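Visitor:
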Amino acid sequence: MDYNSVHHQICISGVELCSPYNDGYTTWEIKKDLYQLKFLLDEILADSPTYSVEPQFLEEQSKKKMWKTLTQPQRNT
Numbered sequence: 155m156d157y158n159s160v161h162h163q164i165c166i167s168g169v170e171l172c173s174p175y176n177d178g179y180t181t182w183e184i185k186k187d188l189y190q191l192k193f194l195l196d197e198i199l200a201d202s203p204t205y206s207v208e209p210q211f212l213e214e215q216s217k218k219k220m221w222k223t224l225t226q227p228q229r230n231t
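Each position in the sequence shown, counted from 1, maps to that position plus 154 in the working numbering.
(1) Thinking residue 171 and residue 192 are a contact (beta carbons under 8 Å), I'd like their distance in whole angstroms, please.
(2) CB residue 187 to CB residue 167, shorter than 9 Å?
(3) At the level of alpha carbons, what is the spacing between residue 223 and residue 216?
(4) At the level of alpha carbons, what is the spacing between residue 210 and residue 199?
(5) Going by DSSP, what residue range makes up the alpha helix (DSSP H) through residue 180?
Structural data, given as structure tokens:
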């Protein structure tokens, strides 16, 4: 699998999704595509074997996500 290419395409989709130059019809189609990828990945991962190093990897990713969330500026809602 070409991780860098897939990662790049998903990041580009995220940029387009949040662009103020795109209308709701366009961004909804992008978001639906991302949801479909998420559902596909969730299904594949649920059916895959578990590896001994997997818990450590998932914990590290969780910590990275937590730190990213904590260091982001708060949004006014």
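Using N, Cα and C, we set each Cβ at its ideal position, and we do this for glycine too.
Please read these numbers as outputs of a predicted model, since none were measured by experiment.
Guide: A quick look at the data gives this:
(1) Between residue 192 and residue 171 the Cβ distance is about 13 Å, and since that is not below 8 Å, they are no contact.
(2) Yes, the pair counts as a contact, with Cβ atoms nearer than the cut-off.
(3) Their backbone Cα atoms lie some 11 Å apart in a straight line.
(4) Residue 210 and residue 199 have their C-alpha atoms some 16 Å from each other.
(5) Per DSSP, residue 180 belongs to the alpha helix (DSSP H) from 178-200.
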